[in-house]
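Read left to right, the sequence shown gives residues 2 to 423 (our numbering). Heads up, the beta-carbon is just placed ideally off N, CA and C, and yes, glycines get one too. Since the model is a prediction, treat every value here as computed from it, not as a measurement. Below: the structure, in structure tokens.
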Amino acid sequence: MNEGLGPLAGRRIVVGVSGSIAAYKAVSLVRMLGDRGAVVDVAMTAAATRFVGPLTFESLTHRPVLDDVFELDAEQQIAHIELAEAADAIVLAPATANLIGELAAGLVGDAVTAIACASRAPVIVAPAMDAGMWTHPATQRNVATLRDFGYILVEPEVGELASGLTGIGRLAEPPTIVAAVEHLFARAGDLEGLHVVVSAGGTREPLDPVRFIGNRSSGKMGAALAEAARDRGAAVTLIAGVMSVTPPRGVTVIEATTAHAMRESVLRAAPNADILVMAAAVADFAPARASQRKIKRSGDTLQIELVPNPDIVAEVGEMPDEVRPFLIGFAAESNDLEANAAAKLRDKGLDLIVGNVVGGPFDAIGSDENKVTVFAAEGALTDWPMLPKRQVAERLWDLIADRYRHSRGATESTTSPRRRRS
Ligand SMILES: Cc1cc2nc3c(=O)[nH]c(=O)nc-3n(C[C@H](O)[C@H](O)[C@H](O)COP(=O)(O)O)c2cc1C
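Following this line, the structure appears as structure tokens:
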């Protein structure tokens with residue numbers, strides 16, 4: 002036993018097990034969490050008890066398994082509410098398609114769904130199912146809903162499934178799930194006390210009352226960054242351009258759907274921000290004039306004059322050190338990523354730049370995944386694979402928080418306490 006060491010020591014964790022063939026892996030998971038000093042309670046759906054006996058978990062945890070929503074605990078309290086309130090984290094592993102659907106719909110018919118619904122603790126969901134079930138639009142919609150709730154997904158893996166076929170849907174291995182739980186506690190609070198501003202989404206530059214020039218940005222990367230910063234304790238302001246996802250709960254949202262509105266909001270927010278992440282895809286050009294009336298069809302060609310938009314990142318980069326936040330930009334490039342990102346970092350006075358590829362097989366725009374490289378003045382800092390955007394966000398915050406602290410520590414001993422350039 003490792004009790005007393007590491008981020009899980011003394012944490013109350015509820016593991017919710019549902020009726021998947023992978024329920025046997027929850028046995029290893031519970032054991033590993035216990036070995037790391039967590040106090041683990043297990044809740045099971047009725048279907049789960051047909052795969053693994055509650056006695057197995059009870060022997061490991063020395064605590065009763067809750068598989069009945071009507072059960073009272075030793076003090077005659079409603080057991081699922083007691084567990085929901087006591088939990089520091091809830092881990093649903095394996096999570097069946099059915100469980101995910103119930104949670105997304107707010108259906109609370111058993112002990113596992115009742116605990117997850119009643120608790121305000123973070124919820125980690127590790128799905129396990131047949132590939133057909135996983136890729137079904139209903140499951141994907143339900144998973145997206147859970148993400149919107151702020152649930153953390155431990156993605157299923159590709160491998161041999163219960164059917165004997167190979168595909169996506171296999172439960173992540175217990176060490177991967179344990180790592181997600183540890184990450185939650187290791188990182189919780191590392192942005193506490195900081196005001197983080199994130200810009201996200203695309204802009205629409207009006208041509209007339211109904212038409213605009215826009216881009217394909219979904220805002221998913223910025224939303225993931227805002228959500229992850231919130232979970233790590235930051236006060237978060239999201240300056241939202243046009244987004245195809247719902248902004249996370251618990252962050253202040255300021256809508257800014259044109260480049261000029263975005264500029265105004267960013268310049269107003271920046272002096273009060275400790276860290277500013279400019280993930281929005283702001284149009285570089287806008288029509289010189291927006292027609293007050295709808296432009297009518299005619300046989301003639303239509304010439305639209307475009308004028309450059311303000312360079313918002315560069316303006317923040319030029320702010321005096323006393324008010325300039327730690328500044329992170331994004332570079333979306335279709336070619337020469339490294340050279341273009343390095344130039345942008347230098348020219349715009351950024352602390353870090355996140356380079357991602359647009360177009361081609363690694364296209365970042367609109368996708369749920371992203372492959373990014375982070376550059377600082379000394380060159381590329383990362384070599385990350387393609388990852389879900391939430392995981393990219395976590396990794397980015399690990400790096401940003403570290404660099405931010407370093408820059409602040411390095412400058413606190415010098416003259417200006419707000420000077421944060423690295
Ligand atoms: C042998 C067997 C294996 C199953 N494995 C899975 C699975 O991995 N994932 C899943 O979503 N459903 C699986 N199911 C179906 C679920 O058990 C079924 O949908 C059940 O109603 C889930 O209930 P629960 O979500 O309340 O646990 C399996 C069923 C059987 C008979």
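Residues that DSSP places opposite Asn-371 in a beta bridge: Leu-388
Three-state secondary structure (DSSP) of Ile-296: coil
Inter-stretch contact (C-beta, 8 Å, three-pair minimum) for the region 238-254 and the region 301-311: no
Test item: CB-CB of Ala-402 and Asp-191 under 8 Å: yes
Contact with chain B by Arg-217, beta-carbon distance below 8 Å: The question asks about chain B, but that chain is absent: this structure has only one protein chain.
Where Val-53 falls: helix, strand or coil (DSSP): coil
Sequence-distant residues of the same chain with beta carbon closer than 6 Å to Val-324, five excluded per side: Pro-272
Status (buried if at least 16 other CB within 10 Å, exposed otherwise) for Arg-294: exposed
Arg-101 versus Gly-242: straight-line alpha-carbon distance, rounded: Before going further, note that residue 101 is Ile rather than Arg in the sequence given. In a straight line, the C-alpha of Ile-101 is about 30 Å away from that of Gly-242.
Member of Asp-312, Gly-20, Gly-220, Ala-284 whose CA lies at the smallest distance from the CA of Thr-114: Gly-20
Cβ distance (whole Å) where Ala-394 is taken to contact Ala-127 below 8 Å: That pair is no contact at about 19 Å.
Residues surrounding ligand 1 [beta-carbon distance to nearest heavy atom under 5 Å]: Ser-19, Gly-20, Ser-21, Ile-22, Thr-46, Ala-48, Thr-97, Ala-98, Asn-99, Leu-100, Ala-129, Met-130
Ile-22 beta carbon less than 8 Å from that of Phe-52: yes
Through-space distance from Arg-298 to Gly-151, alpha-carbon basis: 46 Å
Cα-Cα separation between Thr-62 and Ala-189, rounded to whole angstroms: 25 Å
Cβ pair Leu-67, Val-182 closer than 8 Å: no
Reference Asn-310; option with closest CA among Glu-334, Ser-292, Ala-260: Ala-260
Span of the beta strand (DSSP E), counted from its first residue to its last, around His-196: 196-201
Ordered list of alpha helix (DSSP H) runs contained in the region 309-365, each at least 4 residues: 313-318, 338-348
Rounded C-alpha distance that separates Asp-1 from Ile-354: An answer regarding residue 1 cannot be provided, because it is not within the stretch 2 to 423 covered by the chain.
Residue span of the alpha helix (DSSP H) that contains Thr-204, given as start and end: From DSSP, Thr-204 is part of no alpha helix (DSSP H); its letter is neither H nor E.
Inter-residue spacing [alpha-carbon to alpha-carbon] between Gly-410 and Ala-129: 44 Å
Bridge partners - Gly-160, DSSP secondary structure assignment: Gly-168
For Phe-213: DSSP bridge partner residues: Pro-207
Ile-125: first and last residue of the uninterrupted beta strand (DSSP E) it sits in: 124-128
Closest Cα partner of Ile-153 within the set Ala-90, Glu-193, Val-246: Ala-90
C-alpha gap between Asp-131 and Leu-172, whole angstroms: 10 Å
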